[in-house]
Amino acid sequence: MWRRAASLSSSIFSSSSSRRALRDRQGAYSSKAMEFSSAEPFKGEGCLSKEKNLYITFVLGGPGSGKGTQCAKIVENFGYTHLSAGELLRQEIASNSEDGVMILDMIKEGKIVPSEVTVKLIQKGMESCDNGKFLIDGFPRNEENRTAFEQIIGAEPNIVLFFDCPEEEMIKRVLNRNEGRVDDNIETIRKRLKVFAASHYPVIDYYSKKGKLCKIDAIGTEDEIFERVRPVFAACEGVQ
Ligand SMILES: Nc1ncnc2c1ncn2[C@@H]1O[C@H](COP(=O)(O)OP(=O)(O)OP(=O)(O)O)[C@@H](O)[C@H]1O
Ligand SMILES: O=c1ccn([C@@H]2O[C@H](COP(=O)(O)O)[C@@H](O)[C@H]2O)c(=O)[nH]1
Ligand SMILES: [Mg+2]
11 MWRRAASLSS SIFSSSSSRR ALRDRQGAYS SKAMEFSSAE PFKGEGCLSK
61 EKNLYITFVL GGPGSGKGTQ CAKIVENFGY THLSAGELLR QEIASNSEDG
111 VMILDMIKEG KIVPSEVTVK LIQKGMESCD NGKFLIDGFP RNEENRTAFE
161 QIIGAEPNIV LFFDCPEEEM IKRVLNRNEG RVDDNIETIR KRLKVFAASH
211 YPVIDYYSKK GKLCKIDAIG TEDEIFERVR PVFAACEGVQ
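Read in the numbering used here, the sequence shown has 196 at position 186, and its numbers run on one by one without any break.
In structure tokens:
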């Protein structure tokens, strides 16, 4: 399940020297599956609270691959804060904010909203929370999202989950979702799948090369899939 695995808990860093310090303090991941080094979490400078130790998981996968469903189980079992980028954007539309109309148009077309807008919403979500353990669901969707997060938040994910699901299964799940989403129709799903295929893989590749990617087979029942996810978080307990 693990290809290699995650670095340790980080905090947020605004300067390159503190980033270097983080790299120095982050222990190398043992080659033995799911065994983390025991280095202490790093408390550094950053745009969020200096007191907060961050442990960030990016949760990636195509539309309908089960990210939200599995995040709910991780929250229940391991006490993370779930920030779904799509949900934050939908809340922005619902609040009639300045960007709401633009965001709605992008979502209807399955396009990726400008990074700055999404990262600011994620930042707000992270700031409003005492817990430093975050699941950031459905983000980053492309390389530009990824670098914007690093620049604005000043942090990298500790681990990246990727729910690997065949297209036919994703289409079936989205069409059965029945939550009234404007993008849950076959026309928009096809567009979302195209965008996913074109932009997600460079991000996945990037984290794979950094040894942070954990690819999960997303076929099976929700509980079966969670049993593949559980050891990832069980292994992180005690190093956060
Ligand atoms: N393992 C599973 N088997 C069958 N259906 C599932 C499974 N996991 C989730 N679902 C259902 O599939 C639909 C999509 O799941 P979910 O909303 O978790 O996906 P998602 O990856 O968050 O999608 P999106 O990117 O569109 O938000 C939901 O209706 C959910 O109940
Ligand atoms: O980082 C993001 C996340 C989402 N979007 C837009 O929202 C929809 C729905 O996202 P879900 O993750 O499926 O809830 C997505 O198709 C994009 O249009 C985004 O632009 N950036
Ligand atoms: Mg979702």
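For each residue, glycine too, the CB sits at the ideal point set by N, CA and C.
Nearest to F173 by alpha-carbon distance, out of A165, G164 and I214, is I214.
A straight-line Cα-Cα distance of about 25 Å links A158 and N106. If you ignore the 5 residues before and after E160, its C-beta comes within less than 7 Å of the C-beta of E166, all in its own chain and listed in chain order.
Put simply, the segment 92-107 touches the segment 125-136. At least three CB pairs are less than 8 Å apart. If you draw a straight line from the Cα of I122 to the Cα of V69, it is about 16 Å long. Beta-bridge analysis with DSSP links H92 to L145. If you draw a straight line from the Cα of S94 to the Cα of L131, it is about 10 Å long. Residue burial annotation: R200 is exposed, with fewer than 16 other C-beta atoms found within 10 angstroms of its C-beta. DSSP, reduced to helix, strand and coil, places K225 within a strand of the structure shown. Residue pairing by DSSP places Y65 opposite K143 in a beta bridge. As DSSP reads the structure, G71 sits in a beta bridge with F173. R202 and G110 have their C-alpha atoms some 19 Å from each other.
Between ligand 2 and I117, a heavy atom-to-CB distance of less than 6 Å is present. Bounds of the alpha helix (DSSP H) holding S218 are I196 to K219. For the segment 106-170, the full-length alpha helix (DSSP H) segments reaching 4 residues or more read 110-118, 125-137 and 153-163 along the chain. When secondary structure is reduced to three states using DSSP, D233 falls in the helix class. L185 counts as exposed, since fewer than 16 other C-beta atoms from the protein chains shown sit within 10 angstroms of its C-beta. In the pairwise beta carbon analysis, the segment 80-94 is classified as touching the segment 234-243: at least three pairs are separated by under 8 Å.
When DSSP states are grouped into helix, strand and coil, E178 belongs to the helix group. Around ligand 1, the residues selected by a Cβ distance under 5 Å to any of its heavy atoms are P73, G74, S75, G76, K77, G78, T79, R183, R187 and E232, following chain order. Here E97 carries a helix assignment [DSSP, helix/strand/coil].
By the criterion of a C-beta distance shorter than 8 Å, E232 is surrounded in its chain by G76, T79, Q80 and K83, once the five residues flanking it on both sides are discounted. Relative to the Cα of R240, the nearest Cα in the group H92, R156, D147 and L171 belongs to L171.
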